[in-house]
Amino acid sequence: MTDLGTRKTELDEAKRLADLQTINRIADEEYLKLCGRDAARKRFNAEQMGAAAAQRKLRLLDGWAFMEEDEGDDTPVWGTADTPLWAVGEPLMIFGPNGVGKSTLSHQLVFARIGLADQVMDLPVLASPGKVFYVAADRPKQIKRAMRRLRKPEQREVLKERLIVHKGPLPFDVTVDKDALADLAQSHGATTIIIDSLKDVCPKPSNEEAANGYNSARQEAIARGIEWVEDHHNRKASDDNKTPNTIEDVYGSRWLTAGAGSVLCLWGEAGSTQVRLTQLKSPGGFIQPQDLTINHATGEIGARVVLGITDLLRNSGREGITVADAARFWSGTDKPVKRDMENARNKLKRLVEQGTAMTHKDKVDKLDRFTLSPVAAPQMKVSTGYQQDGLGFGWSP
Numbered sequence: 007m008t009d010l011g012t013r014k015t016e017l018d019e020a021k022r023l024a025d026l027q028t029i030n031r032i033a034d035e036e037y038l039k040l041c042g043r044d045a046a047r048k049r050f051n052a053e054q055m056g057a058a059a060a061q062r063k064l065r066l067l068d069g070w071a072f073m074e075e076d077e078g079d080d081t082p083v084w085g086t087a088d089t090p091l092w093a094v095g096e097p098l099m100i101f102g103p104n105g106v107g108k109s110t111l112s113h114q115l116v117f118a119r120i121g122l123a124d125q126v127m128d129l130p131v132l133a134s135p136g137k138v139f140y141v142a143a144d145r146p147k148q149i150k151r152a153m154r155r156l157r158k159p160e161q162r163e164v165l166k167e168r169l170i171v172h173k174g175p176l177p178f179d180v181t182v183d184k185d186a187l188a189d190l191a192q193s194h195g196a197t198t199i200i201i202d203s204l205k206d207v208c209p210k211p212s213n214e215e216a217a218n219g220y221n222s223a224r225q226e227a228i229a230r231g232i233e234w235v236e237d238h239h240n241r242k243a244s245d246d247n248k249t250p251n252t253i254e255d256v257y258g259s260r261w262l263t264a265g266a267g268s269v270l271c272l273w274g275e276a277g278s279t280q281v282r283l284t285q286l287k288s289p290g291g292f293i294q295p296q297d298l299t300i301n302h303a304t305g306e307i308g309a310r311v312v313l314g315i316t317d318l319l320r321n322s323g324r325e326g327i328t329v330a331d332a333a334r335f336w337s338g339t340d341k342p343v344k345r346d347m348e349n350a351r352n353k354l355k356r357l358v359e360q361g362t363a364m365t366h367k368d369k370v371d372k373l374d375r376f377t378l379s380p381v382a383a384p385q386m387k388v389s390t391g392y393q394q395d396g397l398g399f400g401w402s403p
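Structure, rendered in structure tokens:
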């Protein structure tokens with residue numbers, strides 16, 4: 007019995023040692039794998055840092071070289087040289103309430119950038135040299151349904167080759183990692199990024215640090231030659247400012263608008279076929295306000311230029327217009343609020359100071375009335391084919 011017991015103990019010990027050797031061997035193998043992964047990661051990070059450093063070095067210029075650098079012509083991505091809606095190297099922001107066509111307008115720009123159209127709102131759009139990277143973060147199913155309206159069967163190959171869509175929120179925080187989105191877009195050969203929408207990429211747009219981080223990511227993409235468009239929302243309307251009319255009406259931190267080259271406002275009732283487009287910030291001249299007609303069945307957008315203030319003054323004749331008339335004109339509402347009235351009064355005063363308008367007090371209602379200056383009238387191009395629409399505004403074809 008003693009011999010058997012000893013033998014069993016020896017066998018158990020041998021098994022334990024064998025198991026221990028196996029465990030050590032496996033541990034050694036796993037250790038080597040981990041070391042290999044760690045070394046590979048360090049090498050990869052070093053290469054990435056080297057590539058990034060090389061790219062940043064290309065941005066370093068002496069003062070003379072910077073000022074002499076050829077910027078090419080002044081053709082904008084969208085619009086004309088005099089009235090650019092989207093300039094090369096300057097982000098475009100499209101903001102407004104829900105349901106006014108922000109995504110629809112962005113989709114029009116997507117199809118133009120990938121070469122399936124050459125105009126949006128009858129204004130030229132440059133084709134993107136690379137692919138378009140569309141971040142469909144805000145209700146991807148809705149974005150998909152809206153985008154389907156524009157596609158045609160013969161466009162299949164172009165859409166497969168030139169458009170990349172990221173479905174849902176991004177897997178990283180662009181407000182913390184400014185390189186992540188630019189890296190992802192570049193890895194797919196994209197030279198245009200469309201953000202739909204900003205709130206889903208920068209969840210705290212009112213936070214200064216988050217907004218600044220988002221702007222850094224935006225500017226990093228621009229520095230790499232990637233054009234940028236983003237859809238965003240307006241701040242909550244107040245009783246004395248129901249219609250957005252300044253960039254302060256954009257929801258969030260000032261860094262969001264400070265980093266944008268152009269800011270377009272879409273305003274109207276949710277789901278309406280008629281909305282107003284106003285350019286609140288421009289890298290050049292401002293485009294006149296546009297009344298847009300949205301075909302919800304096809305996703306197409308038509309535009310007509312809103313009557314200009316000089317046309318309004320001219321058409322009023324000797325009677326002229328009041329501050330309230332101008333406030334209704336500029337605000338696009340029949341019931342302008344106090345802020346609209348103050349803005350209109352200040353703008354009319356500037357027109358008088360510039361010599362474009364004259365003012366007199368009406369003998370009957372005692373209101374200040376404004377007329378077109380005789381000096382300015384011959385210099386103004388008379389609108390032809392003027393038509394009146396249901397809103398009390400007009401356009402010249």
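Residue numbers for the sequence shown, in my numbering: 7 to 403.
The beta-carbon is built from N, C-alpha and C at its ideal position, and this holds for glycine as well.
Given the structure is predicted, the values throughout are model-derived calculations rather than measurements.
(request) Reducing DSSP to helix, strand and coil, say where residue 329 ends up. (result) helix
(request) Helix, strand or coil for residue 89, going by three-state DSSP, please let me know. (result) coil
(message) Relative to the C-alpha of residue 115, which candidate in 309, 238, 130 has its C-alpha closest?
(response) 130
(request) Evaluate residue 376 with the Cβ neighbour count: other Cβ atoms within 10 Å of its Cβ, from every protein chain shown; 16 or more gives buried, anything less gives exposed. (result) buried
(request) Compute the Euclidean distance between the alpha carbons of residue 373 and residue 336, then round it to the nearest angstrom. (result) 19 Å
(message) Threshold first: 3 residues or longer. Then list the beta strand (DSSP E) segments lying entirely within the segment 312 to 379, N to C.
(response) 363 to 367, 374 to 378
(message) Using the Cβ count rule (16 or more neighbours within 10 Å means buried), how would you classify residue 29?
(response) That one is exposed.
(message) Within the continuous alpha helix (DSSP H) that includes residue 111, where are the two ends?
(response) 108 to 119
(request) May I ask which residues mark the beginning and end of the beta strand (DSSP E) holding residue 301? (result) Counting along the chain, the unbroken beta strand (DSSP E) around residue 301 starts and ends at 296 to 301.
(message) Using only the alpha-carbon positions, how far apart do residue 358 and residue 216 sit?
(response) 43 Å
(request) Please go through the segment 173 to 236 and give each complete alpha helix (DSSP H) segment of 4 or more residues, from N-terminal end onward. (result) 186 to 193, 204 to 207, 214 to 229
(request) Run the CB neighbour count on residue 220, radius 10 Å, all protein chains shown included, and call it buried at 16 or more, exposed below. (result) buried
(request) Give the C-beta separation of residue 287 and residue 263 to the nearest angstrom, bearing in mind that I take them to be a contact with Cβ-Cβ under 8 Å. (result) Indeed, because the Cβ distance is near 7 Å, the residues count as touching under 8 Å.
(request) Measuring alpha carbon to alpha carbon, tell me which of 72, 355, 176 ends up nearest residue 327. (result) The option with the nearest alpha carbon to residue 327 is 355.
(request) Would you check if the distance between the CB atom of residue 132 and the CB atom of residue 83 is smaller than 9 Å? (result) Cβ distance < 9 Å, so residue 132 and residue 83 count as in contact.
(message) Whole angstroms are fine: how far does the CA of residue 333 sit from the CA of residue 228?
(response) Going from the Cα of residue 228 to the Cα of residue 333 covers about 38 Å.
(message) Quick check on residue 153: does DSSP put it in helix, strand or coil?
(response) helix
(request) Taking residue 198 and residue 236 to be in contact with their CB atoms under 8 Å, please state how far apart those CB atoms are, rounded to whole angstroms. (result) Contact flag wrong, Cβ pair sits at about 12 Å.
(request) Please classify residue 64: does DSSP put it in a helix, a strand, or coil? (result) helix
(request) State buried or exposed for residue 360, treating a residue as buried only when at least 16 other CB atoms are found within 10 Å of its CB. (result) Exposed: under 16 other Cβ atoms inside 10 Å.
(message) Please return the same chain residues whose Cβ sits closer than 7 Å to the Cβ of residue 165, not counting the five positions on each side in sequence.
(response) Excluding sequence neighbours, residue 165 sits near 157.
(message) Would residue 142 and residue 180 be called neighbours here (beta carbons separated by less than 9 Å)?
(response) no
(request) Within 10 angstroms of the Cβ of residue 22, are there 16 or more other Cβ atoms? Answer buried if so, exposed if not. (result) exposed
(request) Rank 49, 329, 81 by C-alpha distance to the C-alpha of residue 318 and give the top, closest one. (result) 329
(message) By the three-class DSSP mapping on this structure, what secondary structure does residue 97 have?
(response) coil
(request) Mind checking which residues open and close the alpha helix (DSSP H) that includes residue 166? (result) 162 to 168
(request) Could you pull out every residue in the same chain whose Cβ sits closer than 6 Å to the Cβ of residue 79, ignoring the five residues on either side in sequence? (result) none
(message) Classify residue 295: buried if its beta carbon has 16 or more other beta carbons within 10 angstroms, exposed otherwise.
(response) Label assigned to residue 295: buried.
(request) Within its chain, find whatever has a CB closer than 7 Å to the CB of residue 368; leave out the 5 residues flanking it on each side and keep chain order. (result) 375
(request) Could you tell me which residues DSSP pairs with residue 271 in its beta bridges? (result) 101, 284
(message) Within 10 Å of its beta-carbon, does residue 104 have 16 or more other beta-carbons around it, so buried, or fewer, so exposed?
(response) exposed
(request) Taking residue 168 and residue 120 to be in contact with their CB atoms under 8 Å, please state how far apart those CB atoms are, rounded to whole angstroms. (result) 4 Å
(request) Note down the Cα distance separating residue 145 from residue 205, rounded to an integer number of angstroms. (result) 12 Å
(request) Measure the C-alpha to C-alpha separation of residue 391 and residue 185 and round it to an integer number of angstroms. (result) Note on residue 391: pLDDT 31, under 50, position unreliable in the model; no value is reported.
(request) Report yes if the CB atom of residue 207 is closer than 9 Å to the CB atom of residue 187, and no otherwise. (result) yes
(message) Taking its Cβ as the centre, do 16 or more other Cβ atoms sit within 10 Å of residue 214, making it buried, or is it exposed?
(response) exposed
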